[in-house]
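J.: Residue numbers (the working numbering): 42 to 416. Yeah, the Cβ is synthetic: ideal placement off N, Cα and C, and Gly gets one too. Once you've had a glance at the structure underneath, I'll fire off some questions.
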């Protein structure tokens with residue numbers, strides 16, 4: 042299987058190689074590999090730690106600091122430095138990068154979620170590598186252990202990534218202490234539930250310089266696999282690790298999805314769709330949906346109920362029966378202004394445009410009569 046859209050999480054320990062400073066040759070190596078993957082039409086998103094380490098380097102802070110405001114100060118100093126390093130090194134290979142700073146709130150808020158996904162998708166469409174980091178300067182409760190492990194899983198979920206690579210400083214997950222000879226590498230996890238013995242084995246593991254241990258990586262993997270993304274936990278120092286995985290090798294620990302992406306999307310929409318809220322469409326729009334198209338404003342005849350941009354809503358056919366459900370890119374007040382109009386009128390009427398589609402086909406599932414899932 043080819044994993045076309047890949048989220049790569051690079052931890053502080055991978056970037057520093059056990060030192061207190063960022064190791065530029067390591068970043069050069071990642072840039073070289075990513076260029077090869079881009080040339081083969083892979084889409085790569087980086088979730089990069091290292092802002093605090095970069096801040097420590099700039100300010101010559103040799104010791105670990107546990108005080109949250111001090112860590113946020115280091116992140117504020119280090120984040121511009123980290124991005125400057127990425128921009129300089131990646132430009133050597135003709136790669137453009139874009140910075141995306143997120144917090145958990147940006148993901149859980151439906152409007153912010155849509156905006157974040159739109160930004161990431163736009164960067165990828167332009168061949169730009171998004172470099173995502175936790176916004177450590179304001180994330181008071183997220184600066185602790187595992188922030189970017191969790192963030193990488195959220196980014197993989199937002200983008201419906203095929204693969205999430207969690208790069209660390211050991212080979213993968215072990216069934217015991219990796220420093221003990223009796224411990225063995227766990228090659229793969231395919232069971233619906235991650236066995237309790239594995240959870241027990243990773244508790245207490247940590248990284249001295251970064252904030253994420255193996256427990257947080259396993260927690261992140263659990264989130265991503267339930268959204269249809271395959272997860273690999275492996276050693277980021279292995280030569281050509283990205284190219285080897287893209288080429289079909291299977292180093293580290295592979296954690297396979299519980300659900301495929303379509304089933305995951307169905308479950309979300311079925312659970313979250315607002316009852317009796319949505320849009321009614323004409324026959325032309327219904328035919329377009331059945332052919333796999335997106336829902337455009339021109340095919341909408343009316344709204345039902347009140348809903349906001351990002352909500353999961355129903356789509357009703359001309360007779361009033363539910364024929365689909367999906368995540369809307371405009372709220373009911375906005376749709377009332379642009380329904381029945383061609384997409385080139387959206388910006389003229391609203392003064393802005395989020396999307397040409399009211400519901401993109403990737404965010405929609407079709408229903409049979411009576412609201413049953415259309416398999």
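Skipping 5 residues on each side, what residues in its chain have a beta carbon closer than 6 Å to that of residue 158?
T.: Answer for residue 158: 199, listed in chain order.
J.: Who are the near neighbours of residue 120 in its chain, counting only those whose CB is closer than 6 Å to its CB and skipping five residues on each side?
T.: Same-chain partners within the cutoff: 92.
J.: Grab the span of the alpha helix (DSSP H) containing residue 144 for me, first residue to last.
T.: No alpha helix (DSSP H) holds residue 144; DSSP gives it neither H nor E.
J.: What is the residue span of the beta strand (DSSP E) that residue 114 lies within?
T.: Per DSSP, residue 114 belongs to no beta strand (DSSP E); it is in the alpha helix (DSSP H), 109–132.
J.: Relative to the C-alpha of residue 243, which candidate in 219, 55, 384 has its C-alpha closest?
T.: Here the closest residue by C-alpha is 219.
J.: Mapping DSSP to helix, strand and coil, what is residue 220?
T.: Three-state result, residue 220: coil.
J.: According to DSSP, residue 260 sits in a beta bridge with which residue or residues?
T.: Bridge partners of residue 260: none, in fact.
J.: Write down the C-beta distance between residue 294 and residue 228 rounded to the nearest angstrom, noting that I regard them as a contact closer than 8 Å.
T.: That belief holds up - the Cβ atoms of residue 294 and residue 228 are roughly 7 Å apart, short of 8 Å.
J.: Three Cβ pairs or more, each shorter than 8 Å: is that satisfied between the region 331–349 and the region 307–319?
T.: Touching, per the Cβ criterion.
J.: Report yes if the C-beta distance between residue 261 and residue 190 is below 8 Å; otherwise report no.
T.: Cβ atoms of residue 261 and residue 190: closer than 8 Å.
J.: Contact between the region 79–89 and the region 166–174: three or more CB pairs below 8 Å?
T.: Yes, the region 79–89 touches the region 166–174.
J.: Give the DSSP bridge partners of residue 354, in chain order.
T.: Paired residue(s): 367.
J.: Which runs of the alpha helix (DSSP H) spanning at least 4 residues fall entirely within the region 260–324, listed in chain order?
T.: Here the runs fully enclosed are 282–287, 302–313.
J.: Taking 8 Å as the cut-off, decide whether the C-beta atoms of residue 124 and residue 140 are in contact.
T.: Yes, the pair counts as a contact, with Cβ atoms nearer than the cut-off.
J.: Nearest by alpha-carbon distance to residue 130: which of 268, 266, 72, 110 is it?
T.: Cα-wise, what sits closest to residue 130 is 72.
J.: What separation, rounded to the nearest whole angstrom, lies between the Cα atoms of residue 241 and residue 138?
T.: If you take the alpha carbons of residue 241 and residue 138, they lie about 39 Å apart.
J.: Counting pairs of Cβ atoms below 8 Å between the region 334–342 and the region 291–307, do you hit three or more?
T.: Taking 8 Å as the limit for Cβ pairs, the verdict is that the region 291–307 does not touch the region 334–342.
J.: If we ignore side chains and look at the alpha-carbon of each, how far apart do residue 255 and residue 212 end up?
T.: About 11 Å.
J.: Kindly indicate the opening and closing residues of the beta strand (DSSP E) around residue 175.
T.: Residues 170–175.
J.: Does the beta-carbon distance from residue 352 to residue 369 come in below 8 Å?
T.: Taking 8 Å as the Cβ cut-off, residue 352 and residue 369 qualify as a contacting pair.
J.: Spatial neighbours of residue 269 within its chain, please: CB distance less than 6 Å, with the 5 preceding and 5 following residues excluded, ordered by chain position.
T.: Hits under 6 Å: 298, 300, 301, 302, 305.
J.: Where does residue 343 sit, in a helix, a strand or coil, going by DSSP?
T.: Three-state DSSP puts residue 343 in a strand.
J.: Quick one: Cα of residue 225 to Cα of residue 215, how far?
T.: In a straight line, the C-alpha of residue 225 is about 5 Å away from that of residue 215.
J.: Given residue 57, which residues of its chain have a CB within under 7 Å of its CB, disregarding the five upstream and five downstream residues?
T.: 63, 64, 94, 250, listed in sequence order.
J.: Once you ignore the five residues that flank residue 99 on each side, which residues in its own chain have a CB closer than 7 Å to its CB?
T.: So the list reads 118, 119, 122, once near-sequence residues are dropped.
J.: Looking at the secondary structure, which residues open and close the beta strand (DSSP E) in which residue 87 lies?
T.: 84–89 is the span of the beta strand (DSSP E), which, as asked, contains residue 87.
J.: Just how far apart, CA to CA, sit residue 367 and residue 291?
T.: Taking the straight line from one Cα to the other gives about 36 Å.
J.: Excluding five sequence neighbours on each side, which residues of the same chain lie with their C-beta closer than 7 Å to the C-beta of residue 77?
T.: So the list reads 284, once near-sequence residues are dropped.
J.: State the DSSP-derived secondary structure class of residue 162, mapped to helix, strand or coil.
T.: In this structure, residue 162 counts as helix in the three-state DSSP scheme.
J.: Using a 10 Å radius around the Cβ and a threshold of 16 neighbouring Cβ atoms, would you call residue 272 buried or exposed?
T.: Classification for residue 272: buried.
J.: For the candidate residues 387, 399, 51, whose alpha-carbon lies nearest to that of residue 194?
T.: Nearest option by C-alpha distance: 51.
J.: Inspect the beta-carbon positions of residue 47 and residue 202 and report whether they are closer than 8 Å.
T.: In contact: residue 47 and residue 202 (Cβ atoms closer than 8 Å).
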